[in-house]
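Asker:
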Amino acid sequence: MTWVAAVARLRARRESGVLVTVATVRGHAPRDAGAKLVVGQTETWGSIGGGNVEAVAIDRAREMIAASNPEQEPELIDFALNDKVTNQHGVQCCGGTVSVLLEPLPVVRAVAIFGVGHVGLELARILARQNLDLHLIDTRSAILTEERLDVLADAVAQVHVHYTPLLPEEVLEELPRGTHILIMTHDHAEDAALCDAALRTNHLGSIGLIGSAAKWVRFRKRLATEGGQDEATIDRIKTPIGLADITGKEPATIAVSVAADLLRAFETEGN
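Just so you know, we're using numbering that gives the first Met the number 0 here: the sequence shown kicks off at 0 and counts up by one.
1. Just verifying my parser: in three-state terms, what is the DSSP assignment at V216?
2. Pick out whichever of L18, M0, A11 has its Cα sitting closest to the Cα of V158.
3. Go through the region 68-146 residue by residue and report every complete run of the beta strand (DSSP E) that reaches 3 residues or more, in order.
4. Does the Cβ-Cβ distance between L122 and A254 come in under 7 Å?
5. Within 10 angstroms of the Cβ of R13, are there 16 or more other Cβ atoms? Answer buried if so, exposed if not.
6. In the structure shown, what three-state DSSP assignment does V257 receive?
7. Under a Cβ-count criterion, where at least 16 other Cβ atoms within 10 Å of its own Cβ denotes burial, should M183 be classed as buried or exposed?
8. Which of the three DSSP states is assigned to G45 in this structure?
9. Opposite I182 in the DSSP bridges: which residues?
10. Please tell me whether V97 and V160 are closer than 7 Å, where the distance is taken between their beta carbons.
11. At the level of alpha carbons, what is the spacing between T163 and A191?
12. Write down the C-beta distance between S140 and I64 rounded to the nearest angstrom, noting that I regard them as a contact closer than 8 Å.
13. Taking DSSP as the reference, what is the three-state secondary structure of R25?
14. Would you report the Cα separation of A79 and L133, rounded to the nearest angstrom?
15. Measure the alpha-carbon distance for R147 versus A22 and round it to whole angstroms.
16. According to DSSP, simplified to helix, strand and coil, what is L171?
17. Spell out a yes or no on whether the region 226-234 and the region 190-209 are touching, meaning 3 or more CB-CB pairs, one atom from each, closer than 8 Å.
18. Is it buried or exposed, G26, if we count other Cβ atoms within 10 angstroms and call 16 or more buried?
19. Looking only at DSSP bridge pairs, what is Q284 linked to?
20. Just how far apart, CA to CA, sit E62 and V55?
21. So L101 packs on A60, CB below 8 Å; how close in whole Å?
22. Leaving out five residues on either side along the sequence, give the residues of the same chain with a beta carbon under 8 Å from the beta carbon of L126.
23. Could you give the distance in angstroms between the alpha-carbon of L18 and the alpha-carbon of V216?
24. Under three-state DSSP, which class holds T200?
25. Would you mind reading off the limits of the beta strand (DSSP E) that contains L305?
26. Pick helix, strand or coil for T20, following the three-state DSSP scheme.
27. Quick one: using the 10 Å Cβ neighbour count with 16 as the cut-off for buried, is R108 buried or exposed?
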């Protein structure tokens with residue numbers, strides 16, 4: 000398996016890893032500069048030459064994976080390949096020196112937009128420029144056509160489209176752990192059902208709801224009386240979403256506001 004395929008596999012599994020690259024070589028070494036190794040929590044793919052260099056790189060990579068720090072910086076490790084150096088995993092006496100770069104491959108954040116109408120599509124266009132797993136869910140097939148979503152063709156994000164004609168809340172259980180939920184469907188009853196279901200789905204991240212203060216008053220009452228949710232649980236839902244000082248009502252303006260608020264929350268989450 001190529002290193003590119005190995006990185007793609009880790010991303011698809013939503014597992015963190017480390018990309019190890021021979022950055023520089025002077026003199027003789029087992030592999031030339033550019034050789035790559037991908038390290039996962041339990042597997043490796045590729046090789047940077049074996050021996051002490053590779054073993055030390057794998058050990059350090061696994062330490063980085065265990066740290067689970069999304070803001071972790073790359074690291075450069077230097078090795079002298081001679082018999083005068085005491086190594087942790089045996090002697091390598093090729094005679095040269097090697098620098099190895101370790102680049103963390105964190106699990107990317109996931110965002111789910113329920114309702115890909117005017118605002119939802121504009122929001123998807125913005126978030127698609129981020130390194131995310133982006134889930135788009137709607138009950139209307141006409142909203143999710145290839146032609147309409149063609150504006151996302153050059154997305155940096157991995158875009159996952161879910162057509163759910165009956166019960167969109169069933170998608171919640173399928174979403175990755177920590178997925179941030181944004182509820183903005185065309186139907187207030189659907190929004191209410193999604194709010195209730197999201198509060199009952201324990202593995203999700205933040206929950207945001209688009210709408211007015213009056214809408215939220217009705218939803219709070221319904222979540223408490225019909226849903227049996229306590230006040231602390233209901234308070235997990237953020238509404239309105241977006242930056243308070245951006246008051247425009249055009250779909251693109253609302254989308255910019257919501258995206259900025261979410262990205263700011265990501266930065267806070269990472270600190």
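Even glycine gets a Cβ: it sits at the ideal position worked out from N, Cα and C.
Answerer: Quick answer:
1. helix
2. A11
3. 74-79, 96-104, 109-113, 132-137
4. yes
5. exposed
6. helix
7. buried
8. strand
9. F113, L208
10. no
11. 16 Å
12. Not a contact, Cβ separation roughly 41 Å.
13. strand
14. 44 Å
15. 43 Å
16. helix
17. yes
18. exposed
19. This structure gives no information on residue 284, because the portion of the chain shown stretches from 0 to 270.
20. 11 Å
21. 6 Å
22. V110, I112, L133, A156, A258, L261
23. 49 Å
24. coil
25. Residue coverage of the chain in this structure runs from 0 to 270, which leaves residue 305 outside it and unanswerable.
26. strand
27. buried
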